Amino acid sequence: MKDPVDVLIIGAGASGAAVAWSLAETKMHILCLEQGGWMNPAEYPSTGRDWEAKFYGEWSSSPNVRGRPEDYPVNDDNSPIKVVNYNAVGGSTVMYTAHWPRLHPSDFKVKTLDGVADDWPIDYDALTPFFEENDRMMGTSGLSGDPLSPLTHPPMPQQPLGLSGAIIAKAMNKLGWHWWPSDTTVATMDYEGRARCINLGHCTPACAQGAKSSTDITYWPHAIRAGVELRTHCRVREITTDENGMASGVVYYDKDGVEQFQPAHVVIIACNGVGTPRLLLNSASSRFPNGLANSSGLVGKNLMFHPYAQIYGYVKEPTDSNRAPPTCLWSKEWYDTDPSRGFVRGYGVQFVRGAGPVFEAVVSEQKGILPWGEDHHRIFRKLNGHRLGFSAICEDLPEEHNRVTLDPVLKDSHGIAAPKIDYTISENSRKMMEHALARGREVLETAGATDICINSPIPWGGWHLLGTARMGTDPARSVVNEWGRTHDVKNLFIVDGSIFVTSGGVNPTSTIQALALYIADQMKQRLANLFD
Amino acid sequence: MSADTQLTRVQRDDLRTVAAMIVPASDAYKVPGADDPTIQADMLATLGRDTKLVAAALDHLARLAGRPLAELDAARRDAVAQEFRAAGGVPAATLVRVVLQCYYRDDRVLGSLGLEPRAPFPKGHVLPDGDWSLLDRVKARGGSLRRAP
């Protein structure tokens with residue numbers, strides 16, 4: 000039998016890395032189990048001539064398409080939005096756009112302000128120091144002073160405006176609408192051992208330059224130097240409990256596929272809004288027959304994705320195409336509730352610079368705007384290098400019927416039940432998406448764009464996996480308390496996006512990590528009576 | 000019956016024919032068609048995980064055509080192609096994607112588009128910083144965050 004560790008963290012992605020690093024100063028024995036391995040930047044897509052083709056196969060954002068041994072399948076047949084993620088040290092920070100907005104202060108008080116969903120049990124101010132700490136650790140670039148966003152202090156200057164940014168900015172100015180250079184985790188100068196961005200362009204499926212922040216190159220080196228043990232290719236099957244109803248450790252499969260038991264005094268789950276409920280439900284036992292920490296019945300429920308309403312078109316001038324990070328500007332013009340729009344809450348916008356030639360050809364052929372035959376070449380030259388995009392990240396409100404359960408048939412390579420997604424887009428979200436598409440069309444047409452196309456929702460757009468183990472003070476209406484400890488199991492914590500109460504209208508990773516640091520801080524302050 | 004790992008001779012012939020229908024050679028743009036031997040060799044060498052779906056697409060195409068695609072007259076070939084693309088589902092989309100992803104990484108094609116035939120790393124690209132005075136209007140307009148009680 001292995002010696003028990005003080006703290007066992009499951010998952011080495013965005014939140015697992017942050018909580019590991021923060022807790023390392025306690026000098027406790029901290030072990031992290033990660034189902035994936037370390038990434039090798041020399042093998043990232045942008046190092047090869049087939050850099051675009053890889054996105055359709057081994058570097059797909061969908062675990063079902065990718066099918067690496069480190070991935071687990073997801074049954075998302077009953078959802079118009081498919082789950083996308085990445086499984087490795089660094090988790091989905093290896094494969095993300097690096098767009099870095101935060102939730103707004105008003106996002107924590109949705110019930111009070113708009114009478115929908117629930118307020119969070121904490122407010123923005125509680126997270127402020129951890130947002131700042133996280134921005135330093137992840138290394139953000141941006142321009143402080145956006146009047147419609149929370150104040151940030153990025154340690155590096157914003158990305159260049161580029162060709163695409165200038166076209167968008169002029170159109171937005173003509174319409175009198177808000178825009179601002181996005182905060183991103185793309186290093187615009189050498190920073191903490193990371194080289195500055197050289198515009199490889201193909202950022203989302205990992206950055207060979209190391210300019211895009213991912214936790215394998217930010218938090219983890221610091222955490223490991225501070226004594227945290229990270230064991231890779233270890234897939235946790237279940238969390239075990241003892242006769243007192245406390246977590247006693249985990250059963251996992253090691254890199255050789257051998258079943259192991261690792262005892263632990265504290266267990267922290269950092270597996271995202273799909274992986275976390277899957278693990279809790281797979282940890283059902285005679286003491287916890289409906290799944291671990293599930294006395295509320297809410298584990299897996301209230302799944303929020305952020306439906307993306309995307310519209311794009313083609314301008315006469317050249318755009319940045321694939322020669323820059325894909326995102327450059329955001330807008331918060333429609334972020335807050337305006338009753339005249341016919342829906343509550345709102346959406347953030349991230350503008351997209353363009354696409355590479357293969358992606359352009361494949362997508363345009365599918366959309367029916369790039370023909371076969373003689374005219375193919377003329378039309379392709381009109382499209383390629385001329386695309387501009389407008390993507391609205393629509394706030395998804397929690398609804399219990401949107402949920403993660405265990406698939407009765409589908410299993411991963413270790414025979415562990417796979418997650419099943421049941422999700423529908425609400426009427427409120429549909430109205431919001433229609434509103435966003437109409438505004439996007441105005442922006443694009445003002446910019447002179449033609450051949451306008453729509454992806455609404457973006458089908459493979461389930462990046463943001465939120466709400467399935469929500470935070471709250473009432474054990475009947477939430478899974479974890481206001482500092483991340485499960486109501487039912489007093490040495491079990493959750494630090495990932497599943498604890499979100501509402502989703503806001505922005506990419507969530509910055510807030511996920513700030514929450515993880517906040518929970519780690521709360522644990523450190525309560526070490527003497529952590530289980531009371 | 001198609002093998003899992005490679006295409007039959009008939010399938011390869013049809014792939015070449017349909018590839019030329021998708022992207023024909025052009026004297027005007029000085030580019031080869033997608034039936035060019037180098038591009039075809041790239042497709043066959045890198046089919047990998049797409050082999051099954053592409054083979055299924057080609058089998059579907061063969062059923063629609065009733066004979067090798069190249070033997071049909073132009074009008075009939077176009078009709079078959081349209082039906083194939085409209086009803087071919089994921090296999091047809093995969094075949095088209097395989098053709099396009101190999102075509103648009105060919106050195107001659109990229110050259111004709113004014114693009115350097117290379118991987119993005121390590122050279123990268125240069126991005127103009129742009130005119131940040133465009134932001135002055137946003138700053139002047141101002142605004143404030145919605146208050147949270």
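Here the protein sequences line up with chains A and B, keeping their order.
Residue numbering for the first sequence follows numbering that gives the first Met the number 0, starting at 0 and increasing by one per position.
Residue numbering for the second sequence follows numbering that gives the first Met the number 0, starting at 0 and increasing by one per position.
Glycine included, C-beta positions come from ideal geometry on N, C-alpha and C.
None of these values were measured; they are calculated from a predicted model.
So, does the CB of Glu33 (chain A) fall closer than 8 Å to a CB anywhere in chain B? no
Give the single residue among B:Gln10, B:Ala33 and B:Gly87 whose Cα lies nearest to the Cα of Val108 (chain B). B:Ala33
At a CB distance below 7 Å, what residues from the region 185-214 of chain A approach chain B? Give them in sequence order. Ile197, Asn198, Leu199, Gly200, His201, Ala207 and Gln208
For Asp76 (chain A) and Arg224 (chain A), I'd like the C-alpha separation in whole angstroms. 43 Å
Contact defined as beta carbons within less than 8 Å: I believe Arg322 (chain A) pairs with Leu126 (chain B). What is the distance between those atoms, to the nearest angstrom? 7 Å
Any beta-carbon of chain A closer than 8 Å to the one on Pro36 (chain B)? no
Sheet register partners of His232 (chain A) (DSSP bridge): In DSSP, His232 (chain A) forms no bridge with anything.
Only counting the same chain, and skipping five residues up and downstream in sequence, which positions put a Cβ closer than 6 Å to that of Leu147 (chain A)? His177 and Lys331
Between which two residues does the alpha helix (DSSP H) holding Asn454 (chain A) run? That residue, Asn454 (chain A), is in no alpha helix (DSSP H); its beta strand (DSSP E) goes Thr449 to Asn454.
For the region 36-52 of chain B, enumerate the residues whose C-beta is nearer than 8 Å to any C-beta of chain A, in chain order. Thr45, Gly47, Arg48 and Asp49
Leaving aside the five residues before and after Phe492 (chain A) along the sequence, list all residues of the same chain whose C-beta is less than 6 Å from its C-beta, in chain order. Ile267, Gly483 and Arg484
Could you list which residues in chain A have their beta carbon closer than 9 Å to that of His59 (chain B), in chain order? By Cβ distance, chain A contributes nothing, its closest Cβ being about 16 Å from His59 (chain B), past 9 Å.
Whose Cβ in chain C lies nearer than 7 Å to the Cβ of Asp319 (chain A)? The structure shown has no chain C; the protein chains it does contain are A and B.
First and last residue of the alpha helix (DSSP H) that includes Gly347 (chain A)? Here Gly347 (chain A) belongs to no alpha helix (DSSP H); instead the beta strand (DSSP E) covers Tyr346 to Val351.
Between the alpha carbons of Leu174 (chain A) and Val442 (chain A), how many angstroms are there, rounded? 8 Å
Identify, in the order they occur along the chain, each residue of the same chain with its Cβ nearer than 7 Å to the Cβ of Ser1 (chain B), setting aside the five sequence neighbours on each side. Residue confidence is low: Ser1 (chain B) scores 44 on pLDDT, short of 50, so the model does not pin down where it sits. Its coordinate-derived value is still stated next. Answer for Ser1 (chain B): Thr7, Gln10, Ala54 and Asp58, listed in chain order.
Taking C-beta pairs closer than 7 Å, name the residues in chain A that Val137 (chain B) reaches, listed in chain order. His177, Trp178 and Trp179
At least 3 beta-carbon pairs within less than 8 Å: the region 18-29 of chain A vs the region 182-200 of chain A: no
Helix, strand or coil for Trp178 (chain A) per DSSP? coil
Going by the CB atoms, is the gap between Ile9 (chain A) and Ala19 (chain A) shorter than 8 Å? no
Closer than 8 Å to chain A by CB, Asp26 (chain B): no
Could you tell me whether any Cβ in chain B is nearer than 8 Å to the Cβ of Phe260 (chain A)? no
Under 7 Å by beta carbon: chain B residues contacting Tyr123 (chain A): Ala147
Determine the extent of the beta strand (DSSP E) in which Cys327 (chain A) is found, giving its start and end residues. Thr326 to Ser330
Nearest neighbour of Asp77 (chain B), chosen from B:Val30, B:Ala19, B:Pro119 and B:Arg117 [CA to CA]: B:Ala19
If you draw a straight line from the alpha carbon of Met432 (chain A) to that of Arg75 (chain B), how long is it in whole angstroms? 42 Å
Among A:Leu126, A:Gly312, A:Gln208 and A:Glu373, whose alpha-carbon lies nearest the alpha-carbon of Val351 (chain A)? A:Gly312
Evaluate the contact criterion for the region 123-139 of chain A versus the region 496-515 of chain A: three or more CB pairs, one atom per stretch, below 8 Å. yes
Proximity to Gly114 (chain A) [Cα-Cα], best of A:Gln365, A:Pro338 and A:Ile518: A:Pro338
Examine chain A for any beta-carbon lying closer than 8 Å to the beta-carbon of Ala92 (chain B), and answer yes or no. yes
Residue-chain proximity (Trp131 (chain B), chain A), Cβ-Cβ < 8 Å: yes
Enclosing alpha helix (DSSP H) for Cys101 (chain B) [first to last residue]: Gly88 to Tyr102
Got a sec: is the Cβ-Cβ distance from Arg104 (chain B) to anything in chain A below 8 Å? yes
Quick one: is Pro148 (chain B) buried, meaning 16 or more other Cβ sit within 10 Å of its Cβ, or exposed? exposed
Going by DSSP, name the residue or residues bridged to Asn77 (chain A). A:Asp421
Which of helix, strand or coil DSSP assigns to Ser143 (chain B): coil
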